[in-house]
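Trainee: First the structure, then my questions, so here it is.
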Amino acid sequence: MKYSYEITVEGQVQHVGFRYYSRMKALELQLTGYVRNSRDGSVLVVAEGEEPELMTLVDYLKIGPPMARVRNVLVSKAPYEGIFSEFSIRF
7 MKYSYEITVE
17 GQVQHVGFRY
27 YSRMKALELQ
37 LTGYVRNSRD
47 GSVLVVAEGE
57 EPELMTLVDY
67 LKIGPPMARV
77 RNVLVSKAPY
87 EGIFSEFSIR
97 F
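In structure tokens:
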């Protein structure tokens, strides 16, 4: 079943390639949505797709790229809306 996940990743996650890492993993999993840095220093990921792939993305985000230090990952699940056609990096 398809869902939309809003994922907030906290820790040392900006200026370490986290957005590019997130996009690469989301594309591998055939998810759509976007990733962006937040003003509070966290990274926000909004992803849509099948739940097993979304859960795998969350597992990848808990690890992050080599220079990242993930402290916490918060996940909010919502009904699938199908509003994205790709997975992009927002600035």
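Each residue of the sequence shown is one higher than the one before, starting from 7 at the first, in the working numbering. For every residue, glycine included, the Cβ atom is placed at its ideal position computed from N, Cα and C. These figures come from a predicted structure and were not determined experimentally.
Count the other CB atoms within 10 Å of the CB of Ala84; is the residue buried (16 or more) or exposed (fewer)?
Mentor: Per the 10 Å Cβ criterion, exposed.
Trainee: Span of the beta strand (DSSP E) holding Val79?
Mentor: Start and end: Arg75 to Pro85.
Trainee: Opposite Val22 in the DSSP bridges: which residues?
Mentor: In the DSSP output, where bridge partners are listed per residue, Val22 has none listed.
Trainee: Compute the beta-carbon to beta-carbon distance between Arg29 and Phe93, rounded to the nearest angstrom, for a pair I have assumed lies under 8 Å.
Mentor: 6 Å between Cβ atoms; contact.
Trainee: Between which two residues does the alpha helix (DSSP H) harbouring Glu57 extend?
Mentor: Its alpha helix (DSSP H) spans residues Glu57 to Ile69.
Trainee: Please identify the residue among Ala53, Arg25, Lys8 and Tyr11 whose C-alpha is closest to the C-alpha of Pro72.
Mentor: Per the Cα distances, Arg25.
Trainee: Classify Gly47 as buried or exposed, calling it buried when 16 or more other Cβ atoms lie within 10 Å of its own Cβ.
Mentor: It is exposed - the Cβ of Gly47 has fewer than 16 other Cβ atoms within 10 Å.
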